[in-house]
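Asker: Quick one: structure below, then a few questions.
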Ligand code: GNR
Ligand code: NI
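Numbering (the numbering used here), first residue to last: 3 to 169.
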């Protein structure tokens, strides 16, 4: 097990489009375990491989209250969407920033599990939001890109200032 460093916005590597995982092997299972450890330690409710600078389609999510429902989604695809919702989002790659984003309220997702077999997941509310947020990461998209340019520039300035203080 290992904690992995998380890329911080506006790192250009966060805009890399992830490739599908070709084979679900021990390398992928090790990466998923390290990502889960990193997510729980952060703490966060999801983590995409993009955020740890691995550009393959792998995400881990645990949106449960008691952190007992770890989900690993490999090569996820959205099969159906229903409804709309707006909620505040945060991101481990954009620390301290919380902004409202519009998402589908329900999604049906197909993915491969750690055993390499396909499964389907019906997600709603926070779990559905998290799946969409993580799948955006795999496409190279960070949630702040839904905001106005003005807001994006303010966020960049705020993070740059904070980085100067912590450095
Ligand atoms: O920990 C996280 N919380 C969160 C809250 C609202 C909407 C999305 C998220 S995902 C985020 C972890 C993260 O950055 N995943 O990419
Ligand atoms: Ni994120």
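The beta-carbon is built from N, C-alpha and C at its ideal position, and this holds for glycine as well.
Identify whether residue 63 lies in helix, strand or coil by the three-state DSSP scheme.
Answerer: Note: residue 63 maps to strand in three-state DSSP.
Asker: Just checking, does the region 54–62 make contact with the region 71–82 on the three C-beta pairs under 8 Å criterion?
Answerer: At 8 Å Cβ cutoff, the stretches touch.
Asker: Taking one C-beta from the region 106–113 and one from the region 123–137 each time, how about it: are there three or more such pairs within less than 8 Å?
Answerer: Because the criterion of three Cβ pairs below 8 Å is met, the region 106–113 and the region 123–137 touch.
Asker: Going by DSSP in three states, residue 86 sits in which element: helix, strand or coil?
Answerer: Coil, per DSSP.
Asker: Please go through the region 91–148 and give each complete beta strand (DSSP E) segment of 3 or more residues, from N-terminal end onward.
Answerer: Counting only runs of 3 or more, we get 101–105, 108–114, 120–126.
Asker: Answer yes or no: the CB of residue 87 versus the heavy atoms of ligand 1, is any distance below 7 Å?
Answerer: Not so, every heavy atom of ligand 1 lies at least 7 Å from the Cβ.
Asker: Less than 6 Å between C-beta atoms, sequence neighbours within five positions excluded: which residues of the same chain meet that for residue 134?
Answerer: Closer than 6 Å at the Cβ level, and outside the excluded window around residue 134, lie 105.
Asker: Going by the DSSP bridge assignment, what does residue 74 pair with across the sheet?
Answerer: Partner(s): 62.
Asker: DSSP state of residue 69, grouped into three classes?
Answerer: In this structure, residue 69 counts as coil in the three-state DSSP scheme.
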